[in-house]
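Chain order of the listed sequences is A and B. Sequential numbering from 1 applies to the first sequence in this note's numbering. Sequential numbering from 1001 applies to the second sequence in this note's numbering. Cβ coordinates follow ideal geometry from the N, Cα and C atoms, glycine included.
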Amino acid sequence: MFDTFDALLLARIQFAFTVSFHFLFPAITIGLASYLAVLEGLWLKTGKSVYMDLFRYWVKIFAVVFAMGVVSGIVMSYQFGTNWAVFSDKAGPIIGPLMAYEVLTAFFLEAGFLGVMLFGMNRVGKRLHFTATLMVALGTFISAFWILSVNSWMQTPTGFAINEVGQFVPAGSWLDIIFNPSFPYRLAHTMTAAYLTTAFIVGAVGAWHLLKDHETVAARKMFSMALWMAAIVAPLQIVLGDMHGLNTLEHQPVKVMAMEGHYQSHTEGAPLILFGIPNSAQGRVDYAIEIPKASSLILKHDMHAPLAGLDSVPVDERPPVAIVFWSFRVMVGLGILMAVLGLFSLWARWRGTLYTSKLLHRFALVMGPSGLIAVLAGWITTEVGRQPWTIHGLLRTAQSASPLDAPAVAASLVAFVIVYFTVFGAGVVYILKLMAKPPHSGEAGMPNIPVRSAGITPASALEGAAA
Amino acid sequence: MSIDLTVIWAFIIAFAVFAYVVMDGFDLGIGILFNRFPVGPERDTAMNSIAPVWDGNETWLVLGGGGLLAAFPLAYAVVLPALYAPLVAMLLALVFRGVAFEFRWRDPAHRQAWDVAFQGGSFVAAFMQGVALGALLQGITVEGRAYAGGWWEWLSPFSLLTGLSVVAGYALLGACWLILKTEAGLQARARALAGWLGPLTLAAVAAVSLATPFLETAYFERWLTWPSILWVAPVPILVALSSLLFWRSLKRGDEGLPFVLTLFIFFLCFTGLGISMWPYIVPESITIWDAATTRSGQIFMLVGAAITVPLILGYTGWAYWVFRGKVKADGYHG
């Protein structure tokens, strides 16, 4: 018994580790692909060279991030089977086809348009190149669409039946499966998170170069664009997050109880616990700082509405409260800071100090990784909050794992940790080196060297031949 | 009469796996042989010859894995835990090899280390693919709907033999690719390599072929009993004929034929594998029909596959066409 628990815990840590690493890369490329499309669109529209300089500056970074996303994604496509075999068998008939669509889309995108976008500017003409850039942005969106549909189905399963061997099978229309109840909210919230992640990275790079020289034209442009995003989208994200939360309350109330730290049920309005230390053994939050009745007001839009707590749920159906409680606060806290930075930038813009305020630039620099951290914290909130289930309410995590011995999983986990930190560490160092150089006018395009993410498009050679 | 979509999907997955084996096979092969090429123009040329295509080649691996989950979830759920150690090693090796490709050029100060990573990653990935194949062929312990063996069950003399066979075969493909794509010194070196890798690969094929019928009685009956032997005999006969042709064309100085014939021998081996396993997807315990997903899922996916797979193939063909001809140290262009 002890052994199986160990193997299970190790498998969970391994999945969490590899998926967290993987998730960071698409979180950047989704937003960056759209940013590149906007830059190229503005360049075509206005003819201002600064947009093309920025395009060339960021496309080099995009290529490296995309490559790391692809490499870490290959691992994910096998890990469902190696470590979560029972889940794969039971859920395969539902999630398999959705993931197949993701693979086909990603494959087509990679084979088709990425190479043109990276290398093909001189070869295919401006219009077709812009189309390729738009297709890459669309492709990253479609990839996210399918993966988030799978994830949402695991959170709020619909449209299925259970067959005689215990598999989840489609019961009717695939649309019921794809557009399950939490999917639209999760898609909107996650895509917006990806855009914000990119905006804050772009803003921090701009801030870094403005701190060194506030006259740099391209740095000014990227900083300004990023902070428009922050000012407009960060508040929007808070609204979307609220809608997603209300949807979770409807379909996965136990997750919300853990997020809120509500161990007890409240019949006359539940308090909003701002901070405190969840104590699952005693079933209470120690040292809680709370606002009376505010949680009912937020979640039910009525101060006096009753709200059930974890005491209404059997112990073996509760998620680990502390992780969910804290990761949720990290996400919300960062979200608020993002909105504050957005407001600050509006103020500075109005005062005419957007490009000279050292305080603003330092703030933006520190906030550079905030999107990445918030994305991970949000992901942990929703995934750990789903526990102890892989398919909410239907299949337990403990019953989903492969029949593997603990030493096998322990060995692979160590290997993944070492290889990922070495390989992706090298990649991150390379990206930071690219970011440390200021963008300048007449920015060079992609170096004509083999690039993993160039796909099989022969455009690189064509470009070289034309040069 | 309704069309058996399960058979169609079995062929689609088999096609994806074969596409992966031959396409990533030759670029893994060049990695396996990497330290045989002197540092400098020859080594750069060898790598440049695969630079534009290797990534697309590897994507078929994702299609194979994702496709297996989608079309045959039970097989995916049984086979992957059984092959846990070789698969994890293969994935990590591919990660290393993939980034080595890029960092070799971007980080010249550590080129030597990235070269070792490239060669080591290629070797381990190829070897583990062969081990996985051997482990599948020799049989997997299944109870109910799950793998029921230990985490070393894959390890046997037979799986080590198939591991080394795949390494030899990929290296041969890589050498023949270089004969086709390069000139002068590097080409002569590749031809010399193929001169001993060819016989080595054929010896490995023979050893695996001779051992296979004795793994399971079903294999034995299919390959070595009357009248079944009549139907399957063309496979080994064609292997022998192609091998003779391969040897003659290599000695005659042909540039393209050795590669084509090696591909054909790979195809024959793959066919032989299919003959041994059919209609099982996990030998002797799970058939393709046991493992298949629902008909609704099969139809749903077939729509997507029917649109994208031809596009992907067209693209791939175009890429290879554009990169036809000889490669030099600084790429396909002057």
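Of all alpha-carbon atoms in A:Ala106, A:Gln79 and A:Ser34, the one lying nearest the alpha-carbon of Thr192 (chain A) is that of A:Ser34.
Using a Cβ-Cβ cut-off of 9 Å, Tyr57 (chain A) does not count as an interface residue toward chain B, since no Cβ of chain B sits closer than that to its own. For Trp174 (chain A), the chain B residues whose C-beta falls within less than 8 Å of its own C-beta are Ser1296 and Phe1300, listed in chain order. Along the segment 69-93 of chain A, the positions whose C-beta sits under 9 Å from a C-beta of chain B are Val70, Val71, Ser72, Gly73, Ile74, Val75, Ser77, Tyr78, Gln79, Phe80, Gly81, Thr82, Asn83, Trp84, Ala85, Val86, Phe87, Ser88, Asp89, Lys90, Ala91, Gly92 and Pro93, read in chain order. For Gly1134 (chain B), not one C-beta of chain A is nearer than 9 Å to its own C-beta. The Cβ of Gly427 (chain A) sits closer than 9 Å to at least one Cβ of chain B. The beta carbon of Val1079 (chain B) sits closer than 9 Å to some beta carbon of chain A. Against chain A, a Cβ distance below 8 Å from Gly1067 (chain B) picks out Ala100 and Val103. Its chain contains Phe17 as the residues whose beta carbon lies nearer than 7 Å to that of Val417 (chain A), once the 5 sequence neighbours on both sides are disregarded; these appear in chain order. Pro407 (chain A) belongs to the set of residues whose beta carbon lies under 9 Å from a beta carbon in chain B. At a cut-off of 9 Å, the C-beta of Glu1058 (chain B) has a neighbouring C-beta in chain A. DSSP, read as helix, strand or coil, puts Phe1037 (chain B) in coil. When the five nearest sequence neighbours on each side are left out, the beta carbons in the same chain lying within less than 6 Å of the beta carbon of Thr1287 (chain B) are those of Pro1279 and Tyr1280, in order along the chain.
In this structure, Thr133 (chain A) sits near Ala37 (chain A), with a CB-CB distance shorter than 9 Å. Under the 9 Å criterion on CB atoms, Glu1102 (chain B) is classed as interfacial with respect to chain A. In the structure shown, the three-state DSSP call for Leu1250 (chain B) is helix.
In its chain, beyond the 5 residues on either side, Ala27, Ile30 and Gly31 have a beta carbon closer than 6 Å to the beta carbon of Ala194 (chain A). Put simply, the CB of Tyr1020 (chain B) is far from chain A, with every gap to its CB atoms at 9 Å or more.
For Leu98 (chain A), same chain residues with a beta-carbon under 6 Å away, outside a window of 5 residues either side, are Trp146, Ser149 and Val150 in chain order. Assignment of beta-bridge partners to Ala1203 (chain B) by DSSP yields no partner. According to the DSSP assignment, Asn279 (chain A) belongs to no alpha helix (DSSP H) but to the beta strand (DSSP E) extending over Leu272 to Asn279.
Within the model, the alpha-carbon separation for Ala1207 (chain B) versus Pro1258 (chain B) is close to 22 Å. Looking at the DSSP output, Leu307 (chain A) sits in a beta bridge with A:His266. Of all residues in the segment 1141-1173 of chain B, only Arg1145, Ala1146, Tyr1147, Ala1148, Gly1150 and Trp1151 place a beta-carbon less than 8 Å from a beta-carbon of chain A. Rounded to whole angstroms, the gap between the alpha carbons of Leu354 (chain A) and Trp228 (chain A) is 11 Å.
Contact between Ser224 (chain A) and Glu260 (chain A) does not hold, since the beta-carbon distance rounds to 38 Å and is not under 8 Å. The beta carbon of Val169 (chain A) falls within 9 Å of a beta carbon belonging to chain B, placing the residue at that interface.
As far as DSSP is concerned, Tyr1170 (chain B) takes part in no beta bridge. At a cut-off of 9 Å between beta-carbon atoms, Phe107 (chain A) makes contact with chain B. At a cut-off of 9 Å between beta-carbon atoms, Pro314 (chain A) makes no contact with chain B. Taking a cut-off of 8 Å for Cβ pairs, the segment 1116-1128 of chain B and the segment 1049-1066 of chain B do not touch, as fewer than three such pairs fall below it. For Ser412 (chain A), at least one C-beta of chain B is nearer than 9 Å to its own C-beta. Within the segment 1302-1332 of chain B, the residues whose Cβ lies closer than 9 Å to some Cβ of chain A are Gly1304, Ala1305, Ile1307, Thr1308, Val1309, Leu1311, Ile1312, Tyr1315, Thr1316, Trp1318, Ala1319, Tyr1320, Trp1321, Val1322, Phe1323, Asp1330, Gly1331 and Tyr1332, listed in chain order. For Ala1077 (chain B), the closest alpha carbon among the candidates A:Ile74, A:Trp84 and A:Val75 is that of A:Trp84.
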